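There are 2 protein chains.
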Amino acid sequence: MQEEVFALLGDKNLSRTPCRVEMLKILLESGSALPETEIRSKLPQHFDRTTVYRTLRSFLEQDVIHSIPLEGGDVRYAVTRNKERKSSQFHAHFYCESCSSVYCLSRARFEPPEMPEGFVAAGYDVLVNGKCRKCN
Amino acid sequence: MQEEVFALLGDKNLSRTPCRVEMLKILLESGSALPETEIRSKLPQHFDRTTVYRTLRSFLEQDVIHSIPLEGGDVRYAVTRNKERKSSQFHAHFYCESCSSVYCLSRARFEPPEMPEGFVAAGYDVLVNGKCRKCN
DNA sequence: AAAATCTTTGCAACATTGTTGCAAAATTAA
DNA sequence: TTAATTTTGCAACAATGTTGCAAAGATTTT
């Protein structure tokens, strides 16, 4: 775990600050995508909201994590697996309408919809909603 | 146009208040999905932000419009065409990375991605990004 | 090791999006 | 016309995210 965190940070030339290390651990340990409030509440020491947001921004800029905007302004953050890097043109996530958890569907395959005349697609974000493993 | 607005409101038992009528006109006339600020700025008379949000909420509750959350907390609102009612299990939208316009792709067909063990899908929201008709 | 530099953190303030409570104005019903 | 309901505006608030500035911690330079 520690090694994975260090590797992720090292790859992106991000220094090992306490806040970064702890946040990455939390995100890696969590099977689902988390909102900022939950990440912050899980931190072993107190960090200011600003610091957490700044760290999230660094991670986003370096594509260590990605954000998943939901209906109602809710946003979740999740570690970006190799399969779903920015370079990849397709991302899928699952929103459980029962427990509100969000999961990355990193290995989902998908047939792009046909585009109307004149529209050229570069990437696709799919949000599937339904019931997750735990709620079925 | 006027008739279409009245029909939409009538179907949902929403009274013809000035704000509702004008907002629906704006949304119907626009080929793309609009943020609240733009809807409000296009209104022929001044209405308070609160009133506009309350009207949006009525429309959302009655499925007259739907909201499209984007990366970065941006939200767009668009009239719900019959083809893409809540009852339908699939919605697709197009985000132009050049001019930031959002369009509904109401007639797009699509093959649902396969779900992992235990996950049951009920609906799909697809956000395609690329370049729109005007920007190509 | 001391001084200078760069980075991270916290605090206060602010912007934006959206909501709520309350009272005034406008509609609608009795 | 009076009474009841709905719509609107205003002020205040909540949540999410950003910015400026100064203090604290690391790094580097000499």
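Going down the list, the protein sequences come from chains X and E. For the first sequence, my numbering gives the first residue as 1, with consecutive numbering after it. For the second sequence, my numbering gives the first residue as 1001, with consecutive numbering after it. C-beta atoms are modelled at their ideal positions from N, C-alpha and C, and glycine is treated no differently. What you are looking at is a predicted structure, and each value in this text was computed from that prediction instead of being measured.
For residue i, which beta-bridge partners are listed by DSSP?
i                : result
F1094 of chain E : E:Y1103 and E:V1128
V79 of chain X   : X:I65
A121 of chain X  : E:G1130
L168 of chain X  : Because chain X spans 1 through 136 in this model, residue 168 of chain X falls outside it and cannot be assessed.
E1111 of chain E : X:E111
Considering Cα atoms alone, identify which of the options is closest to residue i.
i                : options                               : result
G1123 of chain E : X:G10, X:G123 and X:F94               : X:F94
L1056 of chain E : E:R1040, E:S1098 and E:F1110          : E:R1040
Q1045 of chain E : E:S1067, E:K1012, E:V1021 and E:R1109 : E:V1021
E1004 of chain E : E:S1098, E:F1110, E:T1080 and E:S1058 : E:T1080
D1074 of chain E : E:K1025, E:E1036, E:L1008 and E:D1011 : E:E1036
P994 of chain E  : X:G118, X:H91 and X:L127              : What is shown of chain E runs 1001 to 1136, which leaves residue 994 of chain E out entirely.
N1151 of chain E : E:R1076, E:R1054 and E:S1058          : With chain E covering 1001 to 1136 only, the question about residue 1151 of chain E has no answer from this structure.
T17 of chain X   : X:F6, X:H66 and X:N129                : X:F6
L43 of chain X   : X:L60, X:R107 and X:M23               : X:M23
P1112 of chain E : E:L1105, E:C1104, E:S1106 and E:A1121 : E:A1121
N1082 of chain E : E:F1047, E:S1032 and E:C1104          : E:C1104
A137 of chain X  : X:H66, X:H91, X:F110 and X:R109       : Residue 137 of chain X lies beyond the range of chain X shown here (1 to 136); nothing can be said about it.
V1102 of chain E : E:G1010, E:G1031, E:I1026 and E:C1019 : E:G1031
R109 of chain X  : E:M1115, E:S1106, E:R1133 and E:H1091 : E:M1115
P1064 of chain E : E:N1129, E:M1001 and E:L1028          : The question names Pro, but residue 1064 of chain E is Val in the sequence shown. The shortest Cα separation from V1064 of chain E among E:N1129, E:M1001 and E:L1028 belongs to E:L1028.
K1131 of chain E : E:F1119, E:C1099 and E:G1118          : E:C1099
Are the C-beta atoms of residue i and some chain E residue less than 8 angstroms apart?
i               : result
S58 of chain X  : no
L34 of chain X  : no
A108 of chain X : yes
F6 of chain X   : no
A122 of chain X : yes
G10 of chain X  : no
Starting from residue i, find everything on chain X with Cβ-Cβ shorter than 8 angstroms and list it in chain order.
i                : result
R1133 of chain E : P116, E117, G118 and F119
Is the Cβ of residue i closer than 8 angstroms to any Cβ of chain X?
i                : result
P1113 of chain E : yes
G1031 of chain E : no
A1092 of chain E : yes
L1105 of chain E : yes
Applying a beta-carbon distance threshold of less than 9 angstroms, which residues of chain E neighbour residue i?
i              : result
V79 of chain X : Chain E residues near V79 of chain X: none, gap ~17 angstroms exceeds 9 angstroms.
Residue i versus chain X: which residues are under 7 angstroms apart at the beta carbon?
i                : result
N1082 of chain E : By Cβ distance, chain X contributes nothing, its closest Cβ being about 18 angstroms from N1082 of chain E, past 7 angstroms.
Tell me whether residue i, by its Cβ, gets closer than 7 angstroms to a heavy atom of the ligand FMN.
i              : result
S98 of chain X : With respect to the ligand FMN, the structure shown offers nothing to examine, as it has no ligands at all.
Listing by chain order, which chain X residues have their CB less than 9 angstroms from the CB of residue i?
i                : result
V1128 of chain E : P112, P113, M115, F119, A121, A122, G123, Y124 and D125
Note down, in chain order, every chain E residue with its Cβ under 7 angstroms from the Cβ of residue i.
i               : result
N136 of chain X : G1118 and V1120
- Query: Taking a cut of 8 angstroms between CB atoms, which residues from the region 1040 to 1072 of chain E lie near chain X?
  - Reply: S1067, P1069, L1070, E1071 and G1072
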